[in-house]
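Numbering (the working numbering), first residue to last: 105 to 297. By construction, the Cβ of each residue, glycine as well, lies at the ideal position given by its N, Cα and C atoms. On a predicted model such as this, the values are computed, not experimentally measured, just so you know. As structure tokens, the structure follows; a few thoughts come after it.
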């Protein structure tokens, strides 16, 4: 069964890691098994249709891992650097939005507060939310087997440390984040014909 997938690419178009979206669409669209490849903003959100099965189906985890490896290899060969990629089905991303409502619903949002969904390659084993960073600039307020819900607080008008590196190092996972308010826009864009 064909379903829509979202590939969240980590750290593209920052720090000299330039990935042009048109080139990215052409690259992935030319590969086997990916149809209707499209992108949303230049931060590395790619939508495509594929017959790859999701984890809930027999062989799904292996199929997802193989598809992820293929995409990462193609990106490395084309752009000359590693681009960690986390894949989710459109349904999984919609579920993440729904699950985030509970931990984020308890947060008082001010102009100095940012809410993010951190997609992870596996569970954050041993995490008991809330977990506050040593400087208090970010906090994990909830988590699932594949996401962490992070509240960041601006200090002196700027975001502090990026929680991704700490999450990866502490929990041995790969991760990338998107602002919570952007997630609804990503879902809407992914649903367009």
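Practice problem: Report buried or exposed for residue 236, applying the criterion of at least 16 other Cβ atoms within 10 angstroms of its Cβ. | Solution: Position 132 of the chain shown, counting from 1, holds the residue named residue 236. It counts as exposed.
Quiz item: So what's residue 196 in DSSP terms, helix, strand or just coil?
Solution: To locate residue 196, count along the chain shown from 1; it is residue 92. DSSP places residue 196 in helix when its eight states are reduced to three.
Quiz prompt | Residue of 183, 220, 185 and 193 minimising C-alpha distance to residue 167 | solution = Reading the chain shown from its first residue, position 63 is the one you call residue 167. Selected option, being the one with the closest Cα: 193.
Self-check item: Spatial neighbours of residue 278 in its chain, beta-carbon cut-off 8 Å, leaving aside the 5 residues before and after
Solution: Position 174 of the chain shown, counted from the start, is the residue given in the question as residue 278. Result list for residue 278: 114, 188, 190, 224, 225 and 272, in chain order.
Quiz prompt | Those runs of the beta strand (DSSP E) which lie wholly inside the region 121-201 and span at least 3 residues | solution = 139-144, 149-154 and 189-193
Quiz item: For residue 280, which three-state DSSP category applies?
Solution: On the chain shown, position 176 is the one that residue 280 refers to. Here residue 280 sits in strand by DSSP.
Quiz prompt | Exposure label - residue 202; buried when at least 16 CB within 10 Å | solution = Counting from 1 along the chain shown, the entry for residue 202 is found at position 98. Counting Cβ neighbours within 10 Å, residue 202 comes out exposed, since fewer than 16 surround it.
Quiz prompt | Same chain only: Cβ atoms within 8 Å of residue 154, ignoring 5 sequence neighbours per side | solution = Here the question's residue 154 lines up with position 50 in the chain shown. Only 106, 107, 109, 137, 138, 139 and 171 meet the Cβ criterion.
Practice problem: Please say whether residue 283 and residue 228 have beta carbons closer to each other than 8 Å? | Solution: Here residue 228 corresponds to residue number 124 of the chain shown, with the count starting at 1. Here residue 283 corresponds to residue number 179 of the chain shown, with the count starting at 1. No, Cβ-Cβ distance for residue 228 and residue 283 is not below 8 Å.
Practice problem: Name the two residues that bound the continuous alpha helix (DSSP H) containing residue 108. | Solution: Mapped onto the chain shown, residue 108 falls at position 4. No alpha helix (DSSP H) holds residue 108; the beta strand (DSSP E) holding it covers 107-113.
Self-check item: Residue closest to residue 269, alpha-carbon to alpha-carbon, out of 242, 247 and 294
Solution: Taking the chain shown and counting its residues from 1, the one referred to as residue 269 is at position 165. Residue 269 has its Cα closest to that of 242, out of 242, 247 and 294.
Practice problem: Could you check which residue in 122, 295 and 147 has the C-alpha nearest to that of residue 280? | Solution: As a working note, residue 280 is residue 176 in the chain shown. Closest by alpha carbon: 147.
Quiz item: Could you check where the alpha helix (DSSP H) with residue 274 kicks off and where it finishes?
Solution: The residue you call residue 274 lines up with position 170 of the chain shown. That run of the alpha helix (DSSP H) goes 267-275.
Quiz item: Straight-line CA distance for residue 248 to residue 258?
Solution: As a working mapping, residue 248 is identified with position 144 in the chain shown. As a working mapping, residue 258 is identified with position 154 in the chain shown. Residue 248 and residue 258: Cα-Cα distance of roughly 25 Å.
Quiz item: Which residue comes first and which comes last in the beta strand (DSSP E) that contains residue 231?
Solution: To locate residue 231, count along the chain shown from 1; it is residue 127. Neither: residue 231 is in no beta strand (DSSP E) and is coded neither H nor E.
Quiz item: Would you call residue 145 buried or exposed, if buried means 16 or more other Cβ atoms sit within 10 Å of its Cβ?
Solution: As a first step, residue 145 is located in the chain shown; it is residue number 41 there, counting from the start. Flag for residue 145 reads exposed.
Quiz item: Hey, is residue 225 close to the ligand PLP, as in C-beta under 7 Å from one of its heavy atoms?
Solution: Ligands in the displayed structure: none, and consequently the ligand PLP is not present.
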